[in-house]
Structure formats: structure tokens, C-alpha cells
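Top to bottom, those sequences are chains A and B.
In terms of our numbering, the first sequence opens at residue 31 and continues consecutively.
In terms of our numbering, the second sequence opens at residue 31 and continues consecutively.
Just so it is clear, CB atoms sit at the ideal spot from N, CA and C, and this is done for glycine as well.
From a predicted model like this one, the values you see are computed outputs, not experimental measurements.
There are 2 protein chains.
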Amino acid sequence: MGIRIKGARILVAGGGSLVGSHLTAALLAREVGEVVIFDPIAFDAEDALGNLKSDARVTMLRGNLMKPHQIIDQMANIDGAVNLAAYMTLGVSQNPVDGIDLNVRGHMHFLEAARIQSVRKVIFASSNAVYGYGIGGGIAEDTPHHNVGIPAAAAAYGATKILGEQLCRMYFAKHGLDYVVLRFSTVYGENQHYRAANALYIIETYDRLKAGLPPQLFGDGSESKDFVYAGDVARAICMALEAEATDVALNTSGGVGISTKDLVALVMKIAGSNLEPEYIADDGRVRLPTGSGLHFINDKADEVLGWRPEMDLEEGIRRLLADHEDRKAREKRS
Amino acid sequence: MGIRIKGARILVAGGGSLVGSHLTAALLAREVGEVVIFDPIAFDAEDALGNLKSDARVTMLRGNLMKPHQIIDQMANIDGAVNLAAYMTLGVSQNPVDGIDLNVRGHMHFLEAARIQSVRKVIFASSNAVYGYGIGGGIAEDTPHHNVGIPAAAAAYGATKILGEQLCRMYFAKHGLDYVVLRFSTVYGENQHYRAANALYIIETYDRLKAGLPPQLFGDGSESKDFVYAGDVARAICMALEAEATDVALNTSGGVGISTKDLVALVMKIAGSNLEPEYIADDGRVRLPTGSGLHFINDKADEVLGWRPEMDLEEGIRRLLADHEDRKAREKRS
């Protein structure tokens, strides 16, 4: 079933985040009755939401999906709920037990709470990590999970997302809980956090250029990423809440690949730099190998929801970096 | 590193089981110092171990991997540990939260306990479910996880095993905990339990024949399974404990596929029946679709451990069914 956002109460677990901030703005623009942000307020969540917090329709709740009584209580009288709360690959690598616990156990608590409180529809933030890594070309929703020869944390993160999706299927089959799974590609945008390896690279490259240092490229720079703007993702979540669609998993991606080399060229253009990139070997950090031309085909999201990404990558990166400059300036002043 | 089983203390989580009973016998034959069976003693575990319990070197402990203090305590002074404790697809389907909890959280507790108590080597019982279902032909260890168009519980079960394997990789990388992952195909043998969909089919078919009913075949009977005898699996575990091999995942399979039609013919031969099989449509139970000619290539286990399966399928099924008859006779008497 679909939830009419206008006037509804929507809970967003892990809402103090990049996607959470854009989603909150999108829900407010659609005249939501109340947005309940359920978040442990770690990860500078207060900052991520910024001025949105002052809107009377935004309720900030300090809550943790690992504590079932908290999410069960807060899910009362909620119309639709979105689970954005997860450790990503870097977090799983640093804290495997905590990360896997939140992604698996935490998501089970989220679904149990939705079931117990008769929430009408849930959206689960999945990831293109369900396809694993080391693959290239165009990836549609029926692609299997490739986990050979990739970092353990990346494979584990993908497996937690597969589990999360299959749990949604089971709650739909057993309890009639409507859901849409959205598999995000690399999300970027204003309020960018520092936990996602791929988007972080944009900011790091920019900071190096501003410090007069050459950008760094790993390998031959041909690895491809598929970036999707957080505002486009937020719109997909709103459309998935409102659509009749249920029991379906959809790529929510930019739909085009960009090589690291081209990405660096774009950041250089925006920064007004013409320093020669440095090609360097692996620096030991967790990196996610991708094949050439990798992108995630998003035709199904268009068919099912009528959603397509709208943001131009250059414009989106300009916004991300302008926001990054604003934050640095604010930090300096404070 | 390798553990010399002779004189060692080996803990087997989930040891009150089909594989656990064969493993206990194999460890005793190799003059183990002590086998610690750590099991909640659900699933008629007492019965599964039978006379093995009376051996002074076998310690039965009522313990649950969901309780970290229990497994941490019991892992003290253990040389090598084997984790067989898991819900299979049927169990995950019936109790998704409990099943996924045991397979993921329980395994994390097992690994944490091994790390804390400086256990020298662990063996993790994984499954060919890491490859998903709906595929056919010969499957080697580098095959991705196929989870489209299959029951949610089967995909979820496979994802829990992928997670379990990747956790082993992380504990090896972070803490130097040596491990071998063994990916079992369909295990069968004496002490067969009633929780595994595939092996159960052998017993059900036999019971129907004995009751004068025709055997039932689903679809066209061409679906293929790869059976491996529990005694062969137990030998693989012992060899993996003793080998220097670490940080590796190995198919532990029969290595040959048998179609459902041929399997039924084999059971009919053993039962001395010539009733015509009934071809029936899906009966709504969880079934695992398999492609034609499915089998799991076990050359790597031979290369790494020198292990190959030895039991002939007809002989193995004869033993399974003779044991089944014995149990029925004992139940009648008691």
C-alpha cells in the first residue's frame, strides 16, 4: 500500500545522517505531519540535521535500534518508517561485532517494532554492496553477490544488507508488512559524513588541492563508481512510501559510472586546480575494487516508482564542496 | 597452524547433531583427550549422540551460544573448536529472528570466546547455501551468491553463512585466529535429524514406500542434489583441525549430483519397492530450487587437506535407513 505523506507521522531510524537530512527536508516539503528522527545522535547527527531541527514538525529522539523497547515504543502511531541505521564497510571493518549487530539485530528490532505497532509501510536502505565487488559494467537487480577476493568487511557488509532485504521479504510474507527495498549506490551531497570511503574521496581530493597538494589516484584511475545525489535518494524514499508498490528491491543509483580519473578531473575543475595527479599504490586502507564501467541500472525504479535521478554530477559535487567550505568556515569561527 | 587431535581438548558447539555425532566418533577414534559437546540439548541431541555419551572422554554441556558468558567459560583450555550450531533454512523460515540470531550473533560469541581464550584453531561449518540456489552444473568456491527467485529463508540462511565466513576472515586478520571454513553440501547419515529439507526427503520417501504409498516427485524429478556422508564430513573436520591450512574455505561435498528421480529409484531399490512414483506440483513447503547437474566441486579440499569423500551413496543411504529402522523399533519398544 501507499502512505500519503501529507499529514502522516514518519519515523526515520538513523535519521541523523546524510540521507536522513535530505529525507527530512523532502518530507517537510511534502507537508509531513511529523518526522520522528530516531538516532543515537552519534556521528554528529545534530550537525547533519542543522536548521531542520528547529521545524516544529521534527522530533529528535535519542534512541538505539539495539534496544528493542525503545524502537517498539517510538513506533506507536507511526504511519511509515524508514531504516537508514547501519554501519557501512569502514565501520564494520573497525568494529565487526557492533556493526553486524546493528545491521542485522538492529534491523530485526526495527521490523519487529513495525509489526507490533502495525506500521503500514517500511522502507529499507539497502546498498549496491548486495552485488559484492570486483564486477564491472551495468548491474541490474538480479545480479548475484560476488564476495571472492574482496575485503572481508565489504563482503560482510553486503551480506548484512542481503539479510536485511530477506527479513523484509519474510515480514511481508508472514505478517503482510508492506515494504520497498532501495539499494543505494554511492550517496553524496551536502552534509556529507566521513564514514563512506567513496564519497569521502571527493572531499579529501578537494582538501589536498586547496592545500596545494596534487590529487592522488590509486592504481590506473580506471575504477568506476556510480554516484547518486542524496536529494535524489530522499525523493526515491518519499516516492516509495507513497507508491502502491511493495515486496520489491530497486537500484537507487545515478545509473552512470565515472572513473576515478574523471572524478578527480571534475574536482580539479571545480577547485580551479591544474596540478598533475599522483598515481600511488595501495595505502592499506579498506578499498572496494570495482571493475571498469561499473554502474547500477535503475530502470526498474523508474518502472515501479516513476523515479529517475535528476541531479547533474558536477552540480551535485559543487553543492557538496560549497557545503564543505561552509562547515570549515563555521568551525573556524566557533 | 594444525592441532594434534591425540590428547587435545576439542569443543564442538552444536555437537548434539548429525554431524556432531559422527565428529565425536571420529575424534574418539583419533584418541582425542576430551570432546566437549556444547549444545542446548534441543533437537534430541541426547539421542543423536547415543552410546558415545558413555565414553569418559565425552563431556556433555548444556550451553547456548546466545549466552556469551557460557561459551567464554567453556572455551577455557580448549585447543580447537568447531562451530556446528545453526538453524538451517527450515528453521530460519519458521523462526527468522531466533535463527538469524543464532547463526550470526551466536557465531560472533563463538569467535569472541575463541579469541578471548586463545584457542589455536576453529572450524566453521558453512554450507553450499553461500552459493544460493537456482544454479546448476559444477560449483567451485569462487561462485557468487545467487539469491533471486528463491525462498527468503534460503537466501537469508545463505547470507548468515557468508557473514559467518567473513567473520572468520576478520578474526584471522585482526587477531591471528586460525580457521578453516568447510562448506557442506547436503549431509546425510545415521542419526539423521528431521530439520534438513533435502535429506529428510530420503526418509519420507522410504516411509511412504514401507506404508505401501507411491513415492512423490516434485516437478519433473530432474532437480539435482549433492549428498555428502556425515562420516566423510567428520573426517574433513578432523583433517582441517590437524592441517597447517588456515584462512581458507573449502567445499565439503560428495562432488557428484543425483537427480531426485535417481534418488527415489535408489530408495526404491533399497526398500525393495517397484511402485510408480507420483509426480506432484508444489505442496507449499520450503523447497530449494536447483538446476540440472548441480554438484559442488571438491578438488580444493583435496589439494588443501588431502580430503576426498569415500562413502558410496547407495551404501550410505542403506546405513541411514537401517539406522532409521532401528530408531523406529526402539521407539516402539519404549
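Where does residue 320/A fall in DSSP's three states?
In the structure shown, residue 320/A falls within a coil segment according to DSSP collapsed to helix, strand and coil.
Exposed or buried, which one is residue 205/A when buried takes at least 16 other CB atoms within 10 Å?
exposed
Can you check DSSP and say which residues form a bridge with residue 207/B?
Residue 207/B is not bridged to any residue.
Quick one, which of 198/A, 329/A, 331/A, 110/A has its alpha-carbon nearest residue 272/A's?
110/A
List the residues of chain E that residue 147/B touches, going by C-beta distances under 7 Å, in chain order.
The structure shown contains no chain E; the protein chains it does contain are A and B.
For a contact defined as C-beta to C-beta under 7 Å, what are the partners of residue 199/A on chain B?
182
Does DSSP classify residue 218/B as helix, strand or coil?
strand
Considering only residues of the region 280-319 of chain B, which uninterrupted alpha helix (DSSP H) runs meet the minimum length of 4 residues and lie entirely inside it, listed in chain order?
290-301
Terminal residues of the continuous alpha helix (DSSP H) containing residue 269/B?
Membership of residue 269/B in the alpha helix (DSSP H) is indicated by the continuous run 260-272.
When you check each C-beta in the region 150-163 of chain A against every C-beta of chain B, which residues fall closer than 9 Å?
For the region 150-163 of chain A, the residues whose beta carbon sits under 9 Å from a beta carbon of chain B are, in order, 160, 161, 162.
Just to confirm my understanding: we take residue 348/A, look at its own chain, exclude 5 residues before and 5 after, and list those with CB closer than 6 Å. What are they?
300
With a cut-off of 7 Å, does the C-beta of residue 192/B fall near any C-beta of chain A?
With respect to chain A, the C-beta atom of residue 192/B has a partner C-beta closer than 7 Å.
Between residue 214/B and residue 276/B, is the Cβ-Cβ spacing less than 7 Å?
Going by C-beta atoms, residue 214/B is not nearer than 7 Å to residue 276/B.
Grab the span of the alpha helix (DSSP H) containing residue 122/B for me, first residue to last.
From DSSP, the alpha helix (DSSP H) with residue 122/B extends over 119-124.
I'd like to know if the region 133-146 of chain A and the region 187-196 of chain A are in contact, where contact means that at least 3 CB-CB pairs between them fall below 8 Å.
Touching, yes, given that three or more Cβ pairs across the two stretches are closer than 8 Å.
Using a Cβ-Cβ cut-off of 7 Å, state whether residue 100/B counts as contacting chain A.
Answer no: the Cβ-Cβ gap between residue 100/B and chain A never drops below 7 Å.
Apart from the five residues on each side of it in sequence, which residues of its chain come closer than 7 Å, Cβ to Cβ, to residue 176/B?
161, 162, 163, 164, 165
Could you tell me which residues DSSP puts in a beta bridge with residue 176/B?
162/B
Output needed in chain order: residues of the region 203-223 of chain B with a Cβ under 9 Å from some Cβ in chain A.
203, 204
Quick one: which chain A residues come within Cβ less than 7 Å of residue 185/B?
192, 196
Considering only C-alpha positions, which residue in the set 39/A, 285/A, 355/A is nearest to residue 107/A?
39/A
Which residues mark the beginning and the end of the beta strand (DSSP E) in which residue 39/A is found?
Where residue 39/A is concerned, the enclosing beta strand (DSSP E) starts and stops at 39-43.
Please check if any C-beta of chain B sits within less than 7 Å of the C-beta of residue 96/A.
no
When you compare only the Cα positions, how much space is there between residue 102/A and residue 147/A?
Approximately 7 Å, taken between the alpha carbons.
Within 7 Å (strictly less), CB to CB, does residue 138/A reach chain B?
yes
Looking at residue 115/A: is its Cβ nearer than 7 Å to the Cβ of residue 95/A?
Yes, the Cβ-Cβ distance between residue 115/A and residue 95/A is below 7 Å.
Please state whether DSSP places residue 149/B in a helix, a strand or coil.
coil
Once the 5 residues before and after residue 238/A are set aside, which same chain residues still bring their CB inside 8 Å of it?
244, 245, 246
Out of 34/A, 61/A, 88/A, 233/A, which has the shortest C-alpha to C-alpha gap to residue 354/A?
233/A
Report the three-state DSSP secondary structure of residue 102/A (helix, strand or coil).
In the structure shown, residue 102/A sits in a helix (DSSP, three-state: H, G or I).
Over the uninterrupted alpha helix (DSSP H) stretch that includes residue 49/B, give me the two end residues.
48-59
Can you tell which of 52/B, 327/B, 322/B, 295/B has its C-alpha closest to the C-alpha of residue 344/B?
295/B
Hey, could you find the ends of the beta strand (DSSP E) residue 69/A is sitting in?
64-69
Kindly indicate which three-state DSSP category residue 33/B falls into: helix, strand or coil?
coil
Give, in chain order, every residue of the region 309-343 of chain B whose Cβ lies closer than 7 Å to some Cβ of chain A.
none
Among 222/B, 336/B, 211/B, 338/B, which residue has its Cα nearest to the Cα of residue 280/B?
211/B
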